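Take a look at the structure set out below.
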Amino acid sequence: MSATTEPSTEAEPETRTTEQPESKEEMLRQYLAEKAREGEFFFKSKFIADDVGLSPKEIGALMVKLKDSASELTIEKWSYTSATTWRIEPA
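Its first residue numbered 0, the sequence shown is counted upward by one per residue in numbering that gives the first Met the number 0.
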């Protein structure tokens with residue numbers, strides 16, 4: 000006689016905590032707020048891409064949104080030399 004395993008009917012536990020960001024935009028906003036906590040912070044998307052788990056192109060698109068929506072940060076396009084440099088500081 001062979002034993003069979005019944006599929007579990009229990010719901011999977013919720014893995015998201017209140018500390019995890021809900022969106023890519025929120026994740027990037029939290030990262031930038033942390034980096035700018037002690038003052039202004041300059042960066043190019045390609046240099047923080049691995050840190051935030053996004054592509055440089057995604058970061059660039061999100062920065063345009065965050066510029067208007069992240070009230071706790073001052074976000075400014077600083078310069079363009081082979082890629083945009085962004086300047087971030089606490090508002």
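For each residue, glycine too, the CB sits at the ideal point set by N, CA and C. These numbers come from a predicted model, not from an experiment.
Please classify residue i: does DSSP put it in a helix, a strand, or coil?
i: residue 72; result: strand
i: residue 78; result: strand
Considering just the uninterrupted stretch of the beta strand (DSSP E) at residue i, what are its terminal residues?
i: residue 88; result: 83-89
Between which two residues does the alpha helix (DSSP H) containing residue i stretch?
i: residue 44; result: 44-51
i: residue 33; result: 23-34
At a cut of 8 Å, does the stretch 43-50 reach the stretch 71-79 through at least three beta carbon pairs? no
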